[in-house]
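Under my numbering, read the sequence shown as residues 19 to 143, first letter to last.
Just so it is clear, CB atoms sit at the ideal spot from N, CA and C, and this is done for glycine as well.
In what follows, a structure is listed as structure tokens, so that the remarks can point back to it.
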Amino acid sequence: MKKVIFTEKAPAAIGPYSQAVEANGMVFLSGQLPVDPATGNVVEGGVKAQTAQVFENIKNVLAEAGLTTAHIVKTTVFLADMSLFAEMNEVYASYFGGDYPARSAVAVKALPKNASVEIECIAAR
């Protein structure tokens, strides 16, 4: 059985998908963009500001499920350009207390809304 997770504190889906789905104690978050849920716009300030907004969105979706970033076991980071990796990585590391989840990071041709970064994750209860 699955449960759809939704919060107004994160951007609404821009397609036929859910912000997150829980099944068997695992919570699967769709890719989060650096969109401010209040404005619907990508935040300004480069990849560092965008990565921080992505994590605020992730934290809000996880909170709706009763979880925190400490529950994340796997992330996938999508970057518009691999030259952004170091700046993204600096902000990314600040959201974990050294107990890092498994991760993949890839460069893609483009991201929705011309974002520089998108992150999806899996969390476990």
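Item, Value
"Three-state secondary structure (DSSP) at residue 64?", "helix"
"Tell me which residue opens and which closes the alpha helix (DSSP H) that residue 108 is part of.", "103 to 112"
"In this structure, how does DSSP classify residue 19 when only helix, strand and coil are distinguished?", "coil"
"Who pairs with residue 122 in a beta bridge, going by DSSP?", "94"
"Quick one: what's residue 40 bridged to in DSSP?", "21 and 45"
"Between the Cα of residue 57 and the Cα atoms of 45, 26 and 142, which residue gives the shortest distance?", "26"
"Cβ of residue 63 within 8 Å of Cβ of residue 96?", "no"
"Out of 117, 40 and 118, which one is the CA nearest neighbour of residue 81?", "40"
"Answer with buried or exposed for residue 137, where buried requires no fewer than 16 other C-beta atoms within 10 angstroms of its C-beta.", "buried"
"Name the residue from 83, 88 and 73 whose alpha carbon lies nearest to the alpha carbon of residue 107.", "73"
"Going by C-alpha distance, which of 129, 125 and 79 is nearest residue 141?", "79"
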